[in-house]
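Enquirer: From first to last, the protein sequence lines are chains A and B. Position in the first sequence (from 1) plus 157 gives the number in the working numbering. Position in the second sequence (from 1) plus 3 gives the number in the working numbering. Cβ atoms here follow ideal geometry from the backbone N, Cα and C, with glycine treated the same way. Take a look at the following structure, please.
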Amino acid sequence: MWRDALLIATKDLKIEFRSKVTLNLILPFAFVVLIIFAFALDTSPGTLQKVAPGLFWLAVLFSSIFSVDRAVAIESDDNAGDGLLVYGVDPGGIFLGKVISVFVQLFLLEIFLLLGVVVLYGPKIGGWLLMLASALFATIGLCAAGVTYSQLASGSRAKQTLLPLLLVPVVSPVLLAATKAWQDAFAAASSLEDPWLRLLIVFAVVYLALGAIFYSSILEG
Amino acid sequence: MQTLVSFKNVIVLSGNFPILTGLDFEAGPGEIVLVQGRNGAGKTSFLRAVAGLLRITRGSASVLGVDLVANPADIRHRVGLLGHETFLYEDLTARENVDFVLKATRSDTAKASSSLSSVGLTGRLMDLRVSKMSAGQRKKVALAALLAREPELWLLDEPHAALDSWTRDFLDSALNSRVAGGATVILVSHESHHGSLVPTRVVEIGGGKVIGDVSGSALRQVDPQVTTQKRSGHVA
């Protein structure tokens, strides 16, 4: 399974590197979300610093919808998904490979977005380690749930509408926990004992396990 | 005769619609079976069912000794399916696509370049992205991947479509050599003439089941007019 996962992840990242969808489309979209929400709320520095974690994770959530949709859509062109089945690629490996590929793209996007948050909102960050750990597990949770639900929605004609409708309620706990963990990280005193980080770890493990178990059934229709 | 493909009263549903409606079919090693039928008769569905890509709702089916009803996934990596879709990735080059297929099927990746050369994709064409290729060139890439994989059972849906005459002849000769080595070919085609690739049987599918099966001396008598005769209902 891991061999197949690595094969799929390498292939998907190569395709993304060539098509530059994340760089040219999703990253600018995420920045637009950051700026628009800031204008919609209040442009005063105090308010923006307070809501910065929430806005960051909202931008990541919206971007993740595009990323997971794209990761699954790669296999729709020329029915390549059927090809994977004919080649005998393990469905669990396909799932993990897609999760790894989307994770790499989203994590890179988060680094750029964080720079944007620092420049635009100017928050003071106290707990870098907590922030990094919570971003890591929140992104795994988003990717695992996203790839699973994107595959589930891919059979529908209204997949682009259906995916956010299915995904957003499922990943709202991740959004909430990640926002809370980052608020704690922005505070001066924070540690890896943070309860929101533990919750994010639980979500990441549960979504990964459920995806690995059910992806085969979803793929086979 | 040893049976490699055995379908008995197979029913396959797409939603509530039956696409195979009690299909009976058998094929042994070294056979070249030409499957014909009108549009929507169930030819492509039959090939996909043999490849283990469609769930068999009723009946019994085995391919290369694998029970398709119980374990359809177990047969997939042993068959080679070339259909209307080529299963290629547009943003990968021809060589990368073939490499990926060979890695995914645990085959020898060293064969990628030679296989691409054999279908006429040489030099810079090997490193050209599939998105920049013509339909015929894409088909050649898919064909190169299939040739490098050396599957035991070849399932080909209109394999000659979009190919130039040189590649058609090459494909026929490559398939003939595989069949001589014991491989089996099931070929769906609307064309009555297949160059040097001479079918050992012609099977007609209509309404999701086999409605005609001609082989041996009967086939030599009716070929190449077999299609006309079968349409008139003269085939037993």
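#1: Per the contact definition of three or more C-beta pairs closer than 8 Å, is the stretch 43-50 of chain B in contact with the stretch 145-160 of chain B?
#2: Roughly how many whole angstroms lie between the Cα atoms of K212 of chain B and N12 of chain B?
#3: Could you pull the start and end residues of the alpha helix (DSSP H) that V133 of chain B belongs to?
#4: Taking the beta strand (DSSP E) that R61 of chain B belongs to, which residues open and close that run?
#5: Where does K281 of chain A fall in DSSP's three states?
#6: Looking only at its own chain, which residues have a Cβ that is under 7 Å from the Cβ of A124 of chain A, when we skip the five neighbours before and after it?
#7: What would DSSP say about R204 of chain B, mapped onto helix, strand or coil?
#8: DSSP three-state label for A209 of chain A, please.
#9: So, at 6 Å on beta carbons, what are the nonlocal neighbours of P202 of chain B in its own chain, with the 5 sequence-adjacent residues on each side left out?
#10: Does D226 of chain A come out as helix, strand or coil in the three-state DSSP assignment?
#11: Determine, using beta carbons only, whether N236 of chain A comes closer than 8 Å to chain B.
#12: Along chain B, in chain order, which residues have C-beta atoms closer than 7 Å to that of G240 of chain A?
#13: Name, please, each residue of chain B whose Cβ falls closer than 8 Å to the Cβ of L164 of chain A.
#14: Does the separation of the CB atoms of M129 of chain B and A107 of chain B fall below 8 Å?
#15: Can you pull the chain A neighbours of D160 of chain B, defined as C-beta to C-beta under 9 Å?
#16: For A334 of chain A, I'd like the list of residues in its chain whose CB is within less than 6 Å of its CB, leaving aside the five on either flank, ordered along the chain.
#17: Could you give the DSSP three-state label for I231 of chain A: helix, strand or coil?
#18: How big is the Cα-Cα spacing for A361 of chain A and G126 of chain B?
#19: How would you list, in chain order, the residues of chain B whose beta-carbon sits under 9 Å from the beta-carbon of G249 of chain A?
#20: If we call anything under 8 Å between Cβ atoms a contact, is F343 of chain A one with P280 of chain A?
#21: Within 10 Å of its beta-carbon, does K46 of chain B have 16 or more other beta-carbons around it, so buried, or fewer, so exposed?
#22: Nearest by alpha-carbon distance to I292 of chain A: which of A:P326, A:L218 and A:A315 is it?
#23: Should W159 of chain A be flagged as near chain B, meaning a C-beta pair shorter than 8 Å?
#24: Taking the straight line between their C-alpha atoms, what separation do you get for G209 of chain B and G25 of chain B?
#25: Could you tell me if L286 of chain A is buried or exposed, where buried requires 16 or more neighbouring beta carbons within 10 angstroms of its beta carbon?
#26: Between K233 of chain B and I22 of chain B, what straight-line distance do the alpha-carbon atoms span, to the nearest angstrom?
#27: Mind pulling the chain B residues with CB within less than 7 Å of R175 of chain A?
#28: Provide the residue(s) that pair with T24 of chain B in DSSP beta bridges, ordered along the chain.
#29: Starting from L170 of chain A, trace the alpha helix (DSSP H) both ways and give me its first and last residue.
#30: Are the C-beta atoms of I375 of chain A and some chain B residue less than 8 Å apart?
#31: DSSP has E29 of chain B in a bridge; who is on the other side?
#32: Since V217 of chain B is in the beta strand (DSSP E), which residue starts that stretch and which ends it?
#33: Please list, in chain order, all residues of the same chain as S235 of chain B whose beta carbon is under 6 Å from its beta carbon, the five residues on each side excluded.
#34: Who are the near neighbours of T60 of chain B in its chain, counting only those whose CB is closer than 7 Å to its CB and skipping five residues on each side?
#35: Between S220 of chain A and L266 of chain A, is the Cβ-Cβ spacing less than 8 Å?
#36: Taking buried to mean at least 16 other C-beta atoms within 10 Å of its own C-beta, is L272 of chain A buried or exposed?
Expert: Quick look at the numbers:
#1: Three or more beta-carbon pairs separated by less than 8 Å link the stretch 145-160 of chain B to the stretch 43-50 of chain B, which places the two stretches in contact.
#2: Annotation: K212 of chain B to N12 of chain B spans about 9 Å, alpha carbon to alpha carbon.
#3: For V133 of chain B, there is no enclosing alpha helix (DSSP H), since its DSSP letter is neither H nor E.
#4: It spans R61 to V66 - the beta strand (DSSP E) in which R61 of chain B sits, taken as one unbroken run.
#5: Note: K281 of chain A maps to coil in three-state DSSP.
#6: Beyond the ends of chain A as shown, which are 158 and 378, falls residue 124 of chain A; an answer cannot be given.
#7: Three-state result, R204 of chain B: strand.
#8: Looking at A209 of chain A - three-state DSSP - the assignment turns out to be helix.
#9: Taking C-beta separations shorter than 6 Å and ignoring five residues to either side along the sequence, the partners of P202 of chain B in its chain run I35 and L37, following chain order.
#10: It is helical.
#11: So yes, N236 of chain A belongs to the interface.
#12: Those within 7 Å of G240 of chain A in chain B are F90.
#13: The answer, in chain order, is F103, K106 and A107.
#14: Between M129 of chain B and A107 of chain B, the gap from beta carbon to beta carbon reaches 8 Å or more.
#15: Those do not exist, as D160 of chain B stays about 12 Å from chain A at its closest Cβ, beyond 9 Å.
#16: Result list for A334 of chain A: W353, L356 and L357, in chain order.
#17: Secondary structure of I231 of chain A (DSSP, three-state): coil.
#18: Distance between the alpha carbons of A361 of chain A and G126 of chain B: 46 Å.
#19: The contacting residues do not exist; G249 of chain A stays about 12 Å from chain B at best.
#20: The beta carbons of F343 of chain A and P280 of chain A sit closer together than 8 Å.
#21: Classification for K46 of chain B: buried.
#22: Note on residue identity: the sequence assigns Ala, not Ile, to residue 292 of chain A. Looking at A:P326, A:L218 and A:A315, the one whose alpha-carbon comes closest to that of A292 of chain A is A:L218.
#23: With its beta carbon at least 8 Å from every one in chain B, W159 of chain A lies outside the interface.
#24: The straight-line gap from Cα to Cα measures roughly 11 Å.
#25: Classification of L286 of chain A: exposed, given that the 10 Å Cβ count is below 16.
#26: Residue confidence for K233 of chain B is low, a pLDDT of 43 falling below 50, so the modelled location carries little weight and cannot support an answer.
#27: Per Cβ cutoff of 7 Å: D94.
#28: Per DSSP, B:I14.
#29: Unbroken alpha helix (DSSP H) run through L170 of chain A: W159 to S176.
#30: Chain B places no beta carbon closer than 8 Å to that of I375 of chain A, leaving this residue out of the contacts.
#31: DSSP output for E29 of chain B lists B:S9 as bridge partner(s).
#32: Boundaries of the beta strand (DSSP E) harbouring V217 of chain B: K212 to S218, taken from the DSSP string.
#33: A caution first: S235 of chain B carries a pLDDT of 39, below 50, which makes its placement in the model unreliable, though a value can still be read off. So the list is empty, once near-sequence residues are dropped.
#34: Closer than 7 Å at the Cβ level, and outside the excluded window around T60 of chain B, lie I14, V15 and L16.
#35: It is a contact, given that the beta carbons lie within the stated cut-off.
#36: L272 of chain A should be labelled exposed.
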